[in-house]
Amino acid sequence: MSILLALFVATFTPLVSFLESTTALTSQVSTRTALSGDSPTTCDCLFCEVKEAQFKLAQLESALVKSSQDLNAKGLHARECEKKIEDLNLEIDLLKTALKSFEDVSSHAKEKLSALEGELQLLWSVSRRNNFEIHTLEHRVHDAEKRLNAVTSKAEKMADIVSEQWIQIQQLEQAVQMIQVRALKVRRQLRTARCPFVKFVRSLFLHTLNNTRT
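Quick note: the sequence shown uses the numbering used here, first residue 1, plus one each step.
Below, the structure is given as structure tokens:
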């Protein structure tokens, strides 16, 4: 609005001054004509000046109308510009608010990023320690596999030996059973064959024992 007021003052002040001077000149001419009784030539000159002034006044009025129209257009444009400026100021305020929010979010994000970096460093440390422990366990597992393979080999060899010995034991058991069967048969045969002879030997032994005592 201050811009419109300045334009209005700058445009209409000279016109108002000219109108005032023209009006004063016309009044002076009329007064001088009525009072002094100047000659017609002088009156004609003054009349021409008045006509010229009126013509200029008409031109100025036309210019005033055009200037008024231009001023109205400029005023409308100025109001549109002011509206745009208000909209821009509103957008600037919104952007400032968004920027403040973004800065807050950015600050929070930086803090979170710093915390995540700390956690990442801790995880790297734990990972390196776990890798070392895994490497140590792999060596232990490798050694245990070697010992297991050695024990397995010994166990397989012992199993082979035990299998052979078991076969031998079974063979010996079979042989013992056969010997026992044969011995039982022999005993039976001896009992049936030596029964009278045994009685004779026993009686002879007893008789000899009695003779010895007497």
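Just so it is clear, CB atoms sit at the ideal spot from N, CA and C, and this is done for glycine as well.
- [ ] To the nearest angstrom, report how far apart V176 and Q170 are at their CA atoms.
- [x] The sequence position of residue 176 within the sequence shown is 176, counting from 1. The sequence position of residue 170 within the sequence shown is 170, counting from 1. Cα to Cα, the separation comes out at about 10 Å.
Open item on the list: Suppose you measure from the CA of R222 to the CA of A150; what does that come to, to the nearest Å?
Closed with: Absent from the structure is residue 222, since the part of the chain shown begins at 1 and ends at 214.
TODO: Express the C-alpha separation of S62 and K51 in angstroms, rounding to a whole number.
DONE: Locating residue 51 in the sequence shown gives position 51, counting from the first residue. Locating residue 62 in the sequence shown gives position 62, counting from the first residue. Taking the straight line joining both Cα atoms gives about 16 Å.
TODO: Enumerate in chain order the residues of its own chain whose CB-to-CB distance from N130 is below 7 Å, with the five nearest sequence positions on each side excluded.
DONE: The count along the sequence shown starts at 1 and reaches residue 130 at position 130. Same-chain partners within the cutoff: there are none.
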